[in-house]
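Protein chains: 2
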Amino acid sequence: MTKTTIEMEKAALILKLLGDKTRLTMVKLLENNDCCVCEFVEIFQASQPSISQHLRKLRDVGLVKEDRRGQWIFYSINKNHEYFPFVEQILGQLPDQEDKLKELEKNGTRITCC
Amino acid sequence: MTKTTIEMEKAALILKLLGDKTRLTMVKLLENNDCCVCEFVEIFQASQPSISQHLRKLRDVGLVKEDRRGQWIFYSINKNHEYFPFVEQILGQLPDQEDKLKELEKNGTRITCC
DNA sequence: TCAATATATAATAATTTGCTTATATATTCA
DNA sequence: TGAATATATAAGCAAATTATTATATATTGA
Chain A
1 MTKTTIEMEK AALILKLLGD KTRLTMVKLL ENNDCCVCEF VEIFQASQPS ISQHLRKLRD
61 VGLVKEDRRG QWIFYSINKN HEYFPFVEQI LGQLPDQEDK LKELEKNGTR ITCC
Chain B
1 MTKTTIEMEK AALILKLLGD KTRLTMVKLL ENNDCCVCEF VEIFQASQPS ISQHLRKLRD
61 VGLVKEDRRG QWIFYSINKN HEYFPFVEQI LGQLPDQEDK LKELEKNGTR ITCC
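Line by line, the protein sequences are chains A and B. Read left to right, the first sequence gives residues 1 to 114 (UniProt numbering). Read left to right, the second sequence gives residues 1 to 114 (UniProt numbering).
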């Protein structure tokens with residue numbers, strides 16, 4: 001196990017990123033699922049650019065990774081991130097958001113690809 | 001033990017508050033110490049109004065309490081806050097900041113009152 | 001009571017954030 | 001190849017955040 005020294009400055013940066021309802025829910029969903037942009041658009045009832053911009057912030061600090069699968073770009077959590085254990089511990093305290101994916105499945109808007 | 005259901009919206013709010021280096025460090029210090037405003041001014045080398053405003057934000061959500069002792073107003077963490085366990089878990093992952101208080105003592109600017 | 005100290009608050013300015021609109025790129029499929 | 005779909009990015013703008021400056025209030029102690 002790699003012991004990471006958490007720095008206050010970096011911790012604050014991560015917390016700030018998570019301090020937004022949309023991004024926090026995104027990351028919580030990504031904890032257990034890969035999701036593509038259009039799924040987030042549907043879940044949050046937000047515009048595509050807005051979702052892309054939130055994802056970009058998460059990607060810029062390396063908290064999530066993107067992975068193209070055909071037409072779609074799937075996002076997943078980066079478990080190798082230096083501060084992943086820190087994030088994981090926070091996510092562990094949050095309520096499950098799986099119902100949001102269940103909802104997509106019900107509507108037939110869940111993307112299951114490749 | 002009181003089981004609290006963490007709500008995403010409130011969790012995001014707390015994380016946003018902690019997502020600032022000054023406030024995060026403040027809360028970490030308050031985890032184990034009561035501190036007054038002028039100590040924070042000294043520690044962060046910031047203006048008094050700036051410190052007061054950070055404290056106000058923390059106070060507005062009830063994360064910290066204030067307590068006048070003579071000339072000074074001491075702040076302490078509110079362990080009865082609904083989300084205190086959530087916050088505590090985060091703080092537990094952060095490095096000790098006690099050296100900052102040690103520094104004050106060395107300079108003779110630590111306030112020990114009442 | 002008056003000066004000094006500690007703090008809060010209000011007003012303002014600078015910066016940052018997050019959304020929208022517009023547009024560009026990549027992929028799929030007919 | 002061309003239209004449709006998915007996504008990213010850029011530009012512009014409004015709202016939120018943070019710091020500064022100025023001022024008000026409360027306490028202490030001479």
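Ideal Cβ placement from N, Cα and C applies to all residues, glycine included.
Query raised in the report: So the alpha helix (DSSP H) Arg59(A) belongs to, where does it begin and stop?
Result: On the first sequence, residue 59(A) is found 59 positions in, with the first residue counted as 1. Start and end: 48-60.
Query raised in the report: Do you know how far the Cα of Gly70(B) is from the Cα of Phe84(A)?
Result: Position 84 of the first sequence holds residue 84(A). Position 70 of the second sequence holds residue 70(B). A direct Cα-Cα distance of roughly 45 Å separates Phe84(A) from Gly70(B).
Query - Within chain B, partners of Lys21(A) - CB distance below 9 Å - result: One-based indexing of the first sequence puts residue 21(A) at position 21. Contact of Lys21(A) with chain B by beta-carbon distance below 9 Å involves Met8, Glu9, Ala11, Ala12, Leu13.
**Report entry** Close-in-space but distant-in-sequence residues of the same chain around Ile43(A) (CB under 6 Å, 5 per side omitted)
**Finding:** As a first step, residue 43(A) is located in the first sequence; it is residue number 43 there, counting from the start. Counting only Cβ-Cβ distances below 6 Å, and skipping sequence neighbours, we find Lys100.
Query raised in the report: CB-CB under 8 Å to Leu30(A), same chain, minus the five flanking residues each way: which ones, in chain order?
Result: The residue you call residue 30(A) lines up with position 30 of the first sequence. Cβ within range, chain order: Val64, Tyr75, Ser76, Ile77.
Query raised in the report: For Pro95(A) and chain B, any beta-carbon pair shorter than 8 Å?
Result: Walking along the first sequence from the start, residue 95(A) turns up at place 95. True, the Cβ-Cβ gap to chain B drops below 8 Å.
Query raised in the report: How many Å lie between Lys57(B) and Gly108(A) at the Cα?
Result: As a working note, residue 57(B) is residue 57 in the second sequence. As a working note, residue 108(A) is residue 108 in the first sequence. About 43 Å.
Query raised in the report: At least one CB of chain B closer than 8 Å to the CB of Leu18(A): is that the case?
Result: As a working note, residue 18(A) is residue 18 in the first sequence. For Leu18(A), the answer is yes, since a Cβ of chain B falls inside 8 Å of its Cβ.
Query raised in the report: Between the C-alpha atoms of Cys114(A) and Asp67(A), what's the straight-line distance to the nearest angstrom?
Result: Position 114 of the first sequence, counted from the first residue, corresponds to residue 114(A). Position 67 of the first sequence, counted from the first residue, corresponds to residue 67(A). Any answer about Cys114(A) is weak, because its pLDDT of 49 lies below 50 and its placement is not dependable; what the coordinates show is given next. Looking at the two C-alpha atoms, the distance is approximately 12 Å.
Query raised in the report: By DSSP, does Asp67(A) sit in helix, in strand, or in coil?
Result: To locate residue 67(A), count along the first sequence from 1; it is residue 67. Strand, per DSSP.
Query raised in the report: Who are the near neighbours of Val41(B) in its chain, counting only those whose CB is closer than 6 Å to its CB and skipping five residues on each side?
Result: Numbered from 1 along the second sequence, position 41 holds the residue referred to as residue 41(B). So the qualifying residues of the chain are Gln48, Ile51.
Requested in this report: Going by CA-CA distance only, name the one from Met8(B), Glu7(B), Leu18(B), Glu9(B) that's closest to Glu88(B).
Outcome: Translated into positions along the second sequence, residue 88(B) becomes position 88. Residue Leu18(B) is the option with its Cα nearest to Glu88(B).
Report task. Go to Ile43(A), then tell me how far its alpha helix (DSSP H) extends in each direction, as first and last residue. Result -> In the first sequence, the residue the question calls residue 43(A) occupies position 43. 37-44 is the span of the alpha helix (DSSP H), which, as asked, contains Ile43(A).
Query - Rounded straight-line distance, which links the Cα of Met26(A) to that of Leu24(B) - result: Residue numbering aside, residue 24(B) sits at position 24 when the second sequence is read from its first letter. Residue numbering aside, residue 26(A) sits at position 26 when the first sequence is read from its first letter. When rounded, the distance between both Cα atoms is 23 Å.
**Report entry** Start-to-end residues for the alpha helix (DSSP H) that takes in Ile14(B)
**Finding:** What you label residue 14(B) is simply residue 14 of the second sequence in a count that begins at 1. Element bounds for Ile14(B): 8-18.
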